[in-house]
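Protein sequences, first through last, are from chains A and B.
Under the working numbering, residues 96 to 215 are what the first sequence spells out, in order.
Under the working numbering, residues 863 to 1021 are what the second sequence spells out, in order.
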Amino acid sequence: MQILIVDDSKAMRSIVMRAVRQAGFASLNFQEASNGVEALKVVRESPPDLILADWNMPEMTGIDLLKALRAEGNAVKVGFVTSESDPAMRDLAFQSGALFMITKPFSPDSLKAALEPVLS
Amino acid sequence: MIAGLAISDWMAALEQGLDEVAGGALGCTTIAGGRHETPAPGMAGAYLSLVGSNGGVQLGVASSPGGCQALARALLGMEPGAGALPPEEVADAVCEIVNILAGAVKARVREQAPSLQMGLPTFFHGPVQPTEKLAVSVSDVKIGGVAAALLLLHPRHRV
């Protein structure tokens, strides 16, 4: 199973990967992208099973990535891991097809709770 | 007032937000020191804008170069014996700390400033220079054992 981590911070991509493994999903394979544009390219070349995306990124934000995927007819599972999540953002995310939204800093337990129903 | 909040409210939100970020992302606690308006020389760090319909601020975290290295290592959960991070990875990690901090601050001031939008973080070296138009409020803090400063850059002519 492939997970695409999309975040403009290399540190945060590393932290998310480590946290996913610590949450009990040690056998997953990871792909990385630093913004929505790069992520679209990765998705087209090697479709992942799940995308974990930041929201606030240069070039293309996480929500614009999700909208672009759905506009292409791509139904890949998407969840957000972001430092901001006000009610309007959450509404927009879920209306656009996101499965969950985790706020940084997150605990391994909150990540596990979000991932289990998606990856099982 | 800046974007609907007094400077003291912004500083309180920054200090409380840092406490949350330290506990959740850095595995440590914070100790607040004094507040003042004189940024220390020899600092490096990152800042990020929060801008809304009623004005905006820039908030940041600064420390010595060694302090930035320590904060980056804490974010990454590195073992004490692991080698030093290269400068670009320190900058990336400190920017991410400020990004998470800005999210925590935004959540705390949502009622008073609901329209705030977050910018992208920028790393800097050297002192933050106040100007005729720009004031800098500083809160000295200890993040774990690291001496650091919370910075709030805001216009002098307040809305």
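Cβ atoms here follow ideal geometry from the backbone N, Cα and C, with glycine treated the same way.
Only a predicted model underlies this, so the values are computations on that prediction, with no experimental measurement involved.
- request: Would you identify the three-state DSSP class for Gly168/A, choosing helix, strand or coil?
  value: Start at 1 with the first residue of the first sequence, and residue 168/A comes out as number 73. Here Gly168/A sits in coil by DSSP.
query: Cβ of Cys1022/B within 8 Å of Cβ of Val956/B?
result: Past the edges of chain B, shown from 863 to 1021, lies residue 1022/B, and the structure says nothing about it.
message: Less than 8 Å between CB atoms is the rule here; does Lys968/B satisfy it with respect to chain A?
response: Within the second sequence, the letter at position 106 stands for residue 968/B. Yes, contact with chain A.
message: Going by DSSP in three states, Asn961/B sits in which element: helix, strand or coil?
response: For the purposes of this step, residue 961/B is identified with residue 99 of the second sequence, where counting begins at 1. Helix at Asn961/B.
- prompt: What in chain B is Cβ-close to Pro200/A, meaning under 7 Å?
  reply: One-based indexing of the first sequence puts residue 200/A at position 105. Under the 7 Å cutoff, chain B gives Val883, Gly886, Ala887 and Ile962.
query: Looking only at its own chain, which residues have a Cβ that is under 7 Å from the Cβ of Trp872/B, when we skip the five neighbours before and after it?
result: Translated into positions along the second sequence, residue 872/B becomes position 10. Closer than 7 Å at Cβ, skipping near neighbours: Ile864, Val919 and Leu1014.
- prompt: So, is Asn124/A buried or exposed, given that buried needs 16 or more other C-beta atoms within 10 angstroms?
  reply: Locating residue 124/A in the first sequence gives position 29, counting from the first residue. Looking at its Cβ environment, which holds fewer than 16 other Cβ atoms inside 10 Å, Asn124/A is exposed.
message: Less than 8 Å between the beta carbons of Gly168/A and Gly131/A, yes or no?
response: For the purposes of this step, residue 168/A is identified with residue 73 of the first sequence, where counting begins at 1. For the purposes of this step, residue 131/A is identified with residue 36 of the first sequence, where counting begins at 1. Contact flag unset, no.
field: Coarse secondary structure for Ser205/A, derived from DSSP in three states
entry: Within the first sequence, the letter at position 110 stands for residue 205/A. Ser205/A falls in the helix class under three-state DSSP.
message: For Leu145/A and Val101/A, which I take to be in contact (beta-carbon distance under 8 Å), what is that distance rounded to the nearest angstrom?
response: Against the first sequence, residue 145/A aligns to sequence position 50. Against the first sequence, residue 101/A aligns to sequence position 6. With a Cβ gap of about 11 Å, Leu145/A and Val101/A do not count as contacting.
- request: Could you tell me which chain A residues have their CB closer than 8 Å to the CB of Gly965/B, listed as they occur along the chain?
  value: For the purposes of this step, residue 965/B is taken as residue 103 along the second sequence, with counting starting at 1. Neighbours of Gly965/B on chain A, chain order: Thr177, Ser178, Glu179, Ser180, Thr198 and Lys199.
Cβ shell of Lys162/A (< 7 Å), same chain only, five flanking positions each side left out: As a working note, residue 162/A is residue 67 in the first sequence. Taken in chain order, the residues that qualify are Ser191.
query: Exposed or buried, Ser977/B, counting other C-beta atoms within 10 Å across all chains shown (16 or more means buried)?
result: One-based indexing of the second sequence puts residue 977/B at position 115. With fewer than 16 other Cβ atoms within 10 Å, it is exposed.
field: Cβ neighbour criterion (16 or more within 10 Å) applied to Ala134/A
entry: Residue 134/A sits at position 39 when you count from the first residue of the first sequence. Taking all protein chains in view, the Cβ of Ala134/A is crowded by 16 or more other Cβ atoms within 10 Å, so the residue is classified as buried.
message: Assuming Gly928/B is part of the alpha helix (DSSP H), what are its boundary residues?
response: Counting from one through the second sequence, the residue named residue 928/B turns up at place 66. That run of the alpha helix (DSSP H) goes Pro927 to Leu938.
query: Closer than 8 Å, CB to CB, is Ser109/A near chain B or not?
result: Sequence index remark: in the first sequence, residue 109/A carries index 14 (1-based). Ser109/A counts as touching chain B.
task: Taking only runs that begin and end inside the stretch 115-147 of chain A, name each unbroken beta strand (DSSP E) of 3 or more residues, in chain order.
output: 124-128
- prompt: For Gly879/B, which option in Ala934/B, Arg970/B and Ala932/B has the closest C-alpha, if you only look at C-alpha atoms?
  reply: Position 17 of the second sequence, counted from the start, is the residue given in the question as residue 879/B. Per the Cα distances, Arg970/B.
message: Assuming Gly879/B is part of the alpha helix (DSSP H), what are its boundary residues?
response: Residue 879/B sits at position 17 when you count from the first residue of the second sequence. Ile869 to Val883 is the span of the alpha helix (DSSP H), which, as asked, contains Gly879/B.
field: Coil, strand or helix - Val967/B by DSSP
entry: If you number the second sequence from 1, residue 967/B lands on position 105. Helix, per DSSP.
- prompt: Excluding five sequence neighbours on each side, which residues of the same chain lie with their C-beta closer than 6 Å to the C-beta of Pro992/B?
  reply: Your numbering for residue 992/B matches position 130 in the second sequence. Contacts found: Val998.
field: C-beta contact flag for Glu179/A and Trp150/A at 8 Å
entry: As a working mapping, residue 179/A is identified with position 84 in the first sequence. As a working mapping, residue 150/A is identified with position 55 in the first sequence. Their beta carbons are under 8 Å apart, which means Glu179/A touches Trp150/A by this criterion.
message: When you compare the stretch 907-926 of chain B with the stretch 1002-1012 of chain B, are there three or more beta-carbon pairs, one atom per stretch, that lie closer than 8 Å?
response: These segments touch.
message: Between Leu1014/B and chain A, is the shortest Cβ-Cβ distance under 8 Å, so that the two count as touching?
response: Taking the first residue of the second sequence as 1, we reach residue 1014/B at position 152. Residue-level contact check: Leu1014/B does not touch chain A, since none of the beta carbons of chain A fall below 8 Å from its beta carbon.
query: How many angstroms separate the CA atom of Ala188/A from the CA atom of Asp1002/B?
result: Within the first sequence, the letter at position 93 stands for residue 188/A. Within the second sequence, the letter at position 140 stands for residue 1002/B. Spanning the two alpha carbons is a distance of roughly 37 Å.
- prompt: Starting from Arg897/B and walking both ways along the beta strand (DSSP E), at which residues does that stretch end?
  reply: One-based indexing of the second sequence puts residue 897/B at position 35. Arg897/B -> beta strand (DSSP E) spans Thr892 to His898.
query: Got a sec: is the Cβ-Cβ distance from Asn124/A to anything in chain B below 8 Å?
result: Walking along the first sequence from the start, residue 124/A turns up at place 29. So no, Asn124/A is outside the interface.
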